[in-house]
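Below you'll find the structure, written out as structure tokens, and then a few comments.
So, in structure tokens, the structure goes:
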């Protein structure tokens, strides 16, 4: 049975591999397909898809939207999106503009803490990337302000740090609707990571199903067996497609590898076939 990975990041958001490097690496891992799902951007899709054109692998055009629901950061994946549509590109640009404003404010806060940082320096250090907190953590570590990236999140860029500036976000339902408008397949990403009780998670899934949610990430790098069973139960209850992926970020998530996650991940091709068939209906 062939294997896929439907949750992968490049250096166009907060991964460390270029889109082309991801293609070559996916082939070396024996994958027949992977989805490039960068955070709030599709900038790497043309490069990856074009490079993979004559290679034995499919690149699924995707995105991962960061949304907010009852004070929680909820992620919604869009697979097989028609990302070149003008309305979609315009919407994505608004996400980019929002990130820029947030990053400028965060840099100012960190400057007041005595850190030699600016948005321009971040862009120079990480060219062509959509600057996320992972880049701040790397910058602070590499320049000796903290001992590790985890330390950077704990002291400077974590949700509850005084230097952190939240970004304006859409709701999960709005993300689902936008993905549907782009003819994509909306998937709720890694629900166990939101640490919601069963009742609240059920309410979220029910709400998103009514908005058009098509699938749920039932196979994921950090899941235990119970997590997987719970997600499959939710999928069955709400008639949702199953999806799965590693959430590969390269060096920015040490120990987590494409295709296998932390060693035991396996996403069968059948899952992608079902999603592809749904996208084509």
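Residue numbers (this note's numbering): 4 to 284. Even for Gly, the Cβ is constructed at its ideal location relative to N, Cα and C. In this text, all values refer to a predicted model and were calculated from it rather than measured experimentally.
Residue span of the beta strand (DSSP E) that contains residue i, given as start and end
i	result
residue 98	That residue, residue 98, is in no beta strand (DSSP E); its alpha helix (DSSP H) goes 89-115.
residue 245	244-248
residue 75	75-82
residue 204	First-last for residue 204: 201-214, but that is the alpha helix (DSSP H), not the beta strand (DSSP E).
residue 191	188-191
Neighbour-count burial assignment, residue i, 16 or more Cβ in a 10 Å radius
i	result
residue 106	buried
residue 156	buried
residue 64	buried
residue 74	exposed
residue 53	exposed
Pair within 8 Å by beta-carbon distance, residue i and residue j
i	j	result
residue 221	residue 234	yes
residue 131	residue 15	yes
residue 187	residue 82	yes
residue 192	residue 12	no
residue 79	residue 208	no
residue 281	residue 244	yes
For residue i, the first and last residue of its enclosing alpha helix (DSSP H)
i	result
residue 182	175-184
residue 22	22-31
residue 123	122-128
residue 171	Here residue 171 belongs to no alpha helix (DSSP H), and DSSP marks it neither H nor E.
residue 6	Taken as a continuous stretch (DSSP letters only), residue 6 belongs to no alpha helix (DSSP H), being part of the beta strand (DSSP E) at 6-11.
In DSSP terms, what residue i is bridged to
i	result
residue 64	39
residue 223	248
residue 44	None, per the DSSP bridge assignment.
residue 260	264
residue 71	76
residue 253	Paired residues: none, contrary to the question.
Any 3 or more C-beta pairs closer than 8 Å across the stretch 195-202 and the stretch 158-174: Result no; under three Cβ-Cβ pairs closer than 8 Å.
Touch test, the stretch 30-41 against the stretch 134-145, Cβ-Cβ under 8 Å, three pairs minimum: no
Cβ contact (3+ pairs, closer than 8 Å) linking the stretch 261-277 and the stretch 240-252: These segments touch.
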